[in-house]
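Below: one structure, written as structure tokens.
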Amino acid sequence: MEVRFGLLGEVTAHVGGRPVDLGPARQRCVLAALAVDANRVVPLDTLVERVWGAATPRRGPAALHSYISRLRQALAGSAEVDLVRRSGGYALVVRDDRDVDLHRFRELAGRADAASLTEALGLWRGEPLDGLTGDWAAAERVRLRRERLTAEHDLVDVVLRAGGGGELVADLAERAARHPLDERVAGQYLTALHRAGRRADALEHYERLRRRLADELGTDPSAPLRDLHRRIVDDDERPGTTRAPVPRQLPAAPRPFTGRGRELDALTAALDRGSAGRTVVISAIAGAGGIGKTWLALHWAHRHVDRFPDGQLFVDLRGFSPDSTPMAPAAALRGFLAALGVEPTRLPVEPHAQAALFRSLVVDQRMLIVADNAADAAQVTPLLPGGDSCTVLVTSRRRLPSLIAGHGARHVPLDALSDDESRALLTARLGSGRVGAEPAAVAELIRLCGGFPLALGIVASRAHTQLDQPLAALADELRDLGLGALDEDDPTAGLPAVLSWSYRALPADQAAAFALLGTAPGPDIGLPATASLTGLSPRGTKAVLRGLEQASLLTQDTGGRYHMHDLIRAYAAGIAQRDLDERTRLAGLRRVLDFYAHTAHAAAVLLHPDRPAIHREPPAPGVRPQPVPDVPAAVAWFDAEHRALLAAQRTAEAAGWHRLVWLLAWTLTTFQQRRGHRDDQLATWRTGLAAAEHLPDPADHVLAHRLVGLAYSNLLRHDEAIGHLREALALAERHGDTMQQAENHRVLAGVWDLSGDNRSALEHSVRALDLFRALGEPVGEADALNDVGWYAAQLGEYDTARDHCRAALALYRRHDDQAGEAAASDSLGYIAHHTGAHAEAVHHYERALTLYRDHGNTFSVANTLDDLGHPHLALGRPDLARAVWREALELFRAQDRAADAERVERQLDTTH
6 MEVRFGLLGE
16 VTAHVGGRPV
26 DLGPARQRCV
36 LAALAVDANR
46 VVPLDTLVER
56 VWGAATPRRG
66 PAALHSYISR
76 LRQALAGSAE
86 VDLVRRSGGY
96 ALVVRDDRDV
106 DLHRFRELAG
116 RADAASLTEA
126 LGLWRGEPLD
136 GLTGDWAAAE
146 RVRLRRERLT
156 AEHDLVDVVL
166 RAGGGGELVA
176 DLAERAARHP
186 LDERVAGQYL
196 TALHRAGRRA
206 DALEHYERLR
216 RRLADELGTD
226 PSAPLRDLHR
236 RIVDDDERPG
246 TTRAPVPRQL
256 PAAPRPFTGR
266 GRELDALTAA
276 LDRGSAGRTV
286 VISAIAGAGG
296 IGKTWLALHW
306 AHRHVDRFPD
316 GQLFVDLRGF
326 SPDSTPMAPA
336 AALRGFLAAL
346 GVEPTRLPVE
356 PHAQAALFRS
366 LVVDQRMLIV
376 ADNAADAAQV
386 TPLLPGGDSC
396 TVLVTSRRRL
406 PSLIAGHGAR
416 HVPLDALSDD
426 ESRALLTARL
436 GSGRVGAEPA
446 AVAELIRLCG
456 GFPLALGIVA
466 SRAHTQLDQP
476 LAALADELRD
486 LGLGALDEDD
496 PTAGLPAVLS
506 WSYRALPADQ
516 AAAFALLGTA
526 PGPDIGLPAT
536 ASLTGLSPRG
546 TKAVLRGLEQ
556 ASLLTQDTGG
566 RYHMHDLIRA
576 YAAGIAQRDL
586 DERTRLAGLR
596 RVLDFYAHTA
606 HAAAVLLHPD
616 RPAIHREPPA
626 PGVRPQPVPD
636 VPAAVAWFDA
646 EHRALLAAQR
656 TAEAAGWHRL
666 VWLLAWTLTT
676 FQQRRGHRDD
686 QLATWRTGLA
696 AAEHLPDPAD
706 HVLAHRLVGL
716 AYSNLLRHDE
726 AIGHLREALA
736 LAERHGDTMQ
746 QAENHRVLAG
756 VWDLSGDNRS
766 ALEHSVRALD
776 LFRALGEPVG
786 EADALNDVGW
796 YAAQLGEYDT
806 ARDHCRAALA
816 LYRRHDDQAG
826 EAAASDSLGY
836 IAHHTGAHAE
846 AVHHYERALT
856 LYRDHGNTFS
866 VANTLDDLGH
876 PHLALGRPDL
886 ARAVWREALE
896 LFRAQDRAAD
906 AERVERQLDT
916 TH
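Residue numbering for the sequence shown is 6 to 917, as defined by my numbering.
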């Protein structure tokens, strides 16, 4: 029968929905002391200390045994709970940690979305551990209240990020009164007051807080709070403005977890010393593959998540992934910056500038950064924060001596679990009854698994799914096969024997899918892609994946994607080579690549419907492209599958499927351009260009050269860009491809503009305009009209510029192209200002700003704000000029555009 325990109020237990009489307060305290560490052993002396404290009676251990016996009797109605004696202590063993409301609360709060946080807070029934006395209960109550307060803060942040605030004023006023020196509460309260239109009240509250901090603590408000105050003073944080997100990237806490007490204490001690000394804390967890490094890091991180209120970042650096090279630090940085709310258009081009922006964003933030599966210290160093408020956890199969010597990292070596810890892990998975019934077999399994959590987990999963097989039979089988080596110097070695009999126990459909998954491109895979890989129906695929997950051969994340441990994936790839014939392997691989290509094509057409159609071969039999209903779904699909698509292109290249390589490049173009994946875009199209050399259609060569040129231009590598674009133009002219000629002239104009040669830019844009008109392409004509107008304006030819930009604006409006309308309005604002029509310029610039903001184009927003200040100043409005320049300056700094920021600073210095 189902069992539920409650700690977030009075201590309660329910079996099958009915309340259980837990006896007197001391007996309830025993249950609570075990439930806070459900599925973990609580040492006897710790348990006694929690129940009696300093007033422990001489017969305390005997009384404890009596209480536990009574609790066992009270809970005897459920097979899903047990109170078990372990070496040195006791454990409350439950089917799932979430059977205890405290652990359910922590899991929900960790998701950090509004619905989950609301549900988490709804679990609270009053004071935690209500009715219990003693020092431990009092201290635990304080800690739990702090966790609840953190969740309340997180929920407020979610509401504020969504643009709310005014409705929170009353609650936040009460909270600010209860926590007068809590700067996070103060920041939320100030924001809510400002959103509610109570600017004066917000400024008054800040001043009271500033004086109180000075009087009571001798300190000033933190930098983020001072910045918020400045924005309220300037009145430039308007209601509805969203705040940067608080990242909550930690994967789910591992369950069950056992042992590692010494390592957990070492990590906590390092955090405590760093907090006291105000130094950045770096801990490097090192050990062999499968030893439990990530398991330990995530468990510790979730236990201390309340100490990192400004967020937690997590990245798998894939240092020892068998199917790909380690992740570049720049790619990890881009992921972190996206999690911190940086729009793709704000990302600097150079990796060192990205690192500088990251360090700027996390300075003074109490954040946890987990860099998992690092190949070496060089991969980690660019991810280190520059301040002293963050904590960094690094896991690697290597010791990373340069990180220890050069950055003061604490080395935390991880060895195998002890026999007692291994037994506790098996008991948590299989139950005390089954483990206790075969002590010799359990001892042999522990010996053969060598204390590796991965091996123990696979053994437990096998035993759990074969309840009629004695553990002795599993031990005999494992002894006969041998465990094999697990050498950290060989990233593909590990547990072949355990995996071999786990594989042999699979049904035929699961075994075939397991082998094919070892060949699939990318670090993870979704269910639709797996269906095409295996050729199974979606329902059959889901059943197969569920079986592999239950066998601990893969895991599913909260986003529904499936991952294999590096060692297991390497084993699966070997199985595919050994057990599948080449025809079967290649057929599965072709199906999954066709799935990616055809789904990506549908998504790409949604993102850019005016793009010329391309020839595609029909998908292979058994391929089920994923339906993509609209633009938001297309963007979400590309975001989820981007790394898999890059790997798919590399796989297609290795297989010699050149048309597929080119098609994958084509499908990624618009997404990568809009998301700012500049390095990936160049790599994608360089691969596409190499594939085009094997294709018969010259249009493929032309397009590949043009898009390689565009990618180089985005990276400001002008000479290389021009070389490819000239080659593309020559090929297009040779083969009479007028559309490609027009597109190439447009891109060439942009490159010359970035190089400062406006006359050449104008010549190319005029040629593009003539070609688009000859083709009867109205959107292309509008783009070229605006280009001609802009470059003419740069040369002072304002009448020509105005005529062309007005014509472009009319075409854009006729075809409902708001992104184009924004660009044309911006151009007309520039022309109006430079011809003395300053009020008209303000009108055009403000229209452009509205449209740019609607489309999330913050790069252009910064430019237009900078331009808008000049007609304001010309109209005698220096206050408005300074206001827009301050906003532009903030964006330029955030985008690491130093020259633009310096120019605006000079404008502000000379404007009064």
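Where is the CB? At the ideal position from N, CA and C, for every residue including glycine.
- Across the structure, F676 and V640 are spaced so that their CA atoms are roughly 7 angstroms apart.
- Here DSSP, grouped into helix, strand and coil, assigns T692 to helix.
- Counting only unbroken stretches of 4 or more residues, no alpha helix (DSSP H) element lies wholly within the region 637-665.
- Rounded to the nearest angstrom, the gap between the Cα atoms of S227 and E212 is 13 angstroms.
- For G295, the closest alpha carbon among the candidates I573, S121, Q370, A258 is that of I573.
- DSSP, reduced to helix, strand and coil, places D87 within a strand of the structure shown.
- Within the model, the alpha-carbon separation for R189 versus A429 is close to 41 angstroms.
- Ranked by how close their Cα comes to the Cα of L479, the residues I451, L459, P458, L408 have I451 in first place.
- Taking all protein chains shown into account, P528 has 16 or more neighbouring C-beta atoms within 10 Å of its C-beta and is therefore buried.
- Cβ-Cβ distances below 8 angstroms link H603 to R621, P624, V628, P630 in the same chain, with the five nearest sequence neighbours on each side left out; the list follows chain order.
- Between A853 and A846, the beta carbon gap of about 11 angstroms keeps them out of contact (Cβ cut-off 8 angstroms).
- For H304, the enclosing alpha helix (DSSP H) has its first and last residue at 298-308.
- Residue range 373-379 is occupied by the beta strand (DSSP E) that includes N378.
- Judged by DSSP secondary structure, A289 falls within the beta strand (DSSP E) whose first and last residues are 286-291.
- Leaving aside the five residues that flank R887 on each side, the residues in its chain whose CB is nearer than 8 angstroms to its CB run, in chain order, G874, L913, T916.
- Here L186 is exposed: its Cβ has fewer than 16 other Cβ atoms, across all protein chains shown, within 10 Å.
- Scanning its chain for C-beta atoms nearer than 7 angstroms, with the 5 sequence neighbours on each side dropped, one finds around T155 the residues D311, P314, in chain order.
- DSSP, reduced to helix, strand and coil, places S401 within a strand of the structure shown.
- If you compare the alpha carbons of A575, L833, E786 with that of G523, the shortest gap goes to A575.
- A buried status is given to S830, since no fewer than 16 other beta-carbon atoms sit within 10 Å of its beta-carbon.
- Per DSSP, the beta-bridge partners of D135 are E15.
- For the pair A383 and V399, the CB atoms are not nearer than the 8 angstroms cut-off.
- Note that the C-beta distance between G264 and L422 is below 8 angstroms.
- With fewer than 16 other Cβ atoms from the protein chains shown falling within 10 Å of its own Cβ, T855 counts as exposed.
- Residue environment: R807 is assigned as buried (16 or more neighbouring CB atoms within 10 Å of its CB, all protein chains considered).
- Annotation for L128: no alpha helix (DSSP H) segment contains it, and DSSP assigns it neither H nor E.
- In the three-state reduction of the DSSP assignment, Q561 falls in the strand class.
- With respect to the 8 angstroms criterion, T863 and L894 are not classified as neighbours on the basis of their beta carbons.
- The C-alpha of V597 is placed about 20 angstroms away from the C-alpha of T674.
- By the Cβ-count criterion, V756 is buried, with 16 or more other Cβ atoms from all chains shown falling within 10 Å of its own Cβ.
- Remark: C-beta atoms of G455 and L538 do not approach each other more closely than 8 angstroms.
- For V99, the enclosing beta strand (DSSP E) begins and ends at 94-99.
- Within a 10 Å sphere around the beta-carbon of L177 sit 16 or more other beta-carbons, which makes this residue buried.
- Contact annotation, D872 with Y850: C-beta distance approximately 6 angstroms; criterion of less than 8 angstroms satisfied.
- Look at Q317 here: in three-state DSSP terms it is strand.
- Between the region 127-147 and the region 86-97, the count of C-beta pairs closer than 8 angstroms stays below three; the two stretches do not touch.
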